[in-house]
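Below is one structure, written out as structure tokens; comments come after it.
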Amino acid sequence: MAEFTRRQLLAAGAGVSALTLLPSCSKDAGQTQTGEKKVEVFSWWSGPGEQEGLDALIAEYKKQNPGVEFQNAAVAGGSGTQARQVLASRLLGKQPPDSYQLHAGLEAADDIKADRLEDITYLYEANGWKSKFPAGLVDKLTVGGKIYAVPVNIHRSNLMWFVPSKLKEWGLTPAKTWSELLTQAEALKAKNVNILSIGAPWTQQHLLENVLLGELGVDKYNGLWDGKTDWKSADVTKALETFKKVLSFSAVGTDDWQPTLDKVLAGSAAYHVMGDWAAGYLQGAKALKYKTGYDVVASPGSTGVYNFLADSFTLPKGAPHKAQAEAWLKLCASPEGQDLFNPKKGSVPARLDSDKSKYTDYLDWALKEWQNQSTKVVGSLVHGVVANNAFKAEIEKAYGVFVQDKDSAKFSGAVATAYGANK
Ligand code: GAL
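Per the numbering used here, residue 30 is the first one in the sequence shown, and the count goes up by one each step.
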């Protein structure tokens, strides 16, 4: 189910419909179910490098919708760990925001199946969006032929960030494989430098998915999510052993990704494996220049692979300000919205027709990689693409034990069982 090809993901949507009539519920833009002129948007973009992109969208929304109060309901915490808990209790209490962030893929499918979201196919049809987004991406927001969210970007998970002058000082070039990285780790240890800076559990699992990708390769990595790769196989065990060694040479803390990345900037660790929201932070909050102040390569063993995720916005069932939420979704889907948001967020546009000139420095490379015919696209575990919420929660639980007892066989056994129970 999780498997897909790059061609499927990048091809423009088929069966494009010309502009059709606007749906009736859009006629009363400015009116609301409650009569209030307001929109509440829920996300986890409140930290440096995340907030700037959201702020750009909010400013544009206010311009396009004068008189509508914008309530930014962002809940702090990288990868949405805290936000998702808050959201779950709001949805349970039947107090949905007007729109909330989720990831394309099995994370979205769970909310669709739980009947939390409105079918917004009518917005796709009315605005001609089907041909404007990669068909394979829209598929990851579709269940039973109905589309339930709007993708605002494409992020890449499998990246390794560093400071070029520091690597030079240590006589290193970016490691291309995990075993090369471990050799570098030994050399750096003598200099009292950690090979990686790692933070809160989600950042550790982010690293784990990319060690699995680099060690197993694309086919076997995909097989972890569609049952073709046995979690208990020797290959997976070997990759887990590599992961453990990497951890043992790393500075493992509990911080979120920004302070964890700061340790690389300060020179106490060589690299940080993180998604390209790091580019938004490094270029924005940290005002560093690509290639001189910071640089980035694909994480070891994953050159030519795009481990993707896509942030998307929804129209929850029972949203109190539906017309204003629709205006938000239209902005998120528009070329203007995407080109305001993504250059600041460190992501490439989900739309196929964005203004390429807006994507410079790291993002120029990212866009070329994303659009390169030979790039292989796989999906992220931590960021909602390849595992449903129940399976992901089981992996997180098993990981909590693994990081204590370091028992690879026990971990892979638990994950294999969880896969069987949740597929
Ligand atoms: C991801 C999200 C990104 C970024 C990251 C760190 O899950 O898709 O947009 O926010 O978390 O918080």
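Beta carbons: idealized from backbone N, C-alpha and C, even for Gly.
Predicted model, so just to flag it, every value in this text is computed and none were measured.
{"Check": "Is it buried or exposed, residue 279, if we count other Cβ atoms within 10 angstroms and call 16 or more buried?", "Outcome": "buried"}
{"Check": "Compare the beta carbon distance of residue 226 and residue 292 with 8 Å and say whether it is the shorter of the two.", "Outcome": "yes"}
{"Check": "Let's see if you can read the secondary structure: which residues bound the alpha helix (DSSP H) around residue 418?", "Outcome": "418 to 434"}
{"Check": "When the Cα atoms are used, what is the spatial distance from residue 212 to residue 232?", "Outcome": "23 Å"}
{"Check": "Give me the Cα-Cα distance between residue 86 and residue 333, rounded to the nearest whole angstrom.", "Outcome": "31 Å"}
{"Check": "Could you have a look at residue 50 and say whether DSSP puts it in helix, strand or coil?", "Outcome": "Its pLDDT being 27, under 50, residue 50 is placed unreliably in this model, and the value from its coordinates should be taken loosely. Looking at residue 50 - three-state DSSP - the assignment turns out to be coil, as it is neither helix nor strand."}
{"Check": "At a threshold of 7 Å, does residue 190 count as lining ligand 1 (C-beta to nearest heavy atom)?", "Outcome": "no"}
{"Check": "Would you check if the distance between the CB atom of residue 207 and the CB atom of residue 329 is smaller than 8 Å?", "Outcome": "yes"}
{"Check": "Could you tell me whether any non-hydrogen atom of ligand 1 is closer than 7 Å to the CB of residue 173?", "Outcome": "no"}
{"Check": "Starting from the N-terminal side, write out each stretch of the alpha helix (DSSP H) that is 4 residues or longer and does not extend beyond the stretch 79 to 136.", "Outcome": "80 to 93 and 110 to 121"}
{"Check": "For residue 130, which of 210, 74, 390 and 407 has the nearest alpha-carbon?", "Outcome": "74"}
{"Check": "In chain order, which alpha helix (DSSP H) runs of at least 4 residues are fully inside the stretch 137 to 181?", "Outcome": "150 to 156 and 164 to 168"}
{"Check": "Please identify the residue among 281, 159 and 145 whose C-alpha is closest to the C-alpha of residue 151.", "Outcome": "159"}
{"Check": "In terms of residues, what are the limits of the alpha helix (DSSP H) holding residue 305?", "Outcome": "It is not in any alpha helix (DSSP H) - residue 305 carries neither H nor E in the DSSP assignment."}
{"Check": "Does the Cβ of residue 350 lie closer than 7 Å to at least one heavy atom of ligand 1?", "Outcome": "no"}
{"Check": "Can you find a CB in chain C that lies within less than 8 Å of the CB of residue 189?", "Outcome": "You won't find chain C in this structure, because it holds only one protein chain."}
{"Check": "Which parts of the stretch 171 to 234 are runs of the alpha helix (DSSP H), unbroken and 4 residues or longer, counting only runs that do not cross its ends?", "Outcome": "193 to 198 and 207 to 218"}
{"Check": "What number of angstroms, rounded off, separates the C-alpha of residue 69 from the C-alpha of residue 352?", "Outcome": "12 Å"}
{"Check": "On the three-state DSSP scale, how would you describe residue 255?", "Outcome": "helix"}
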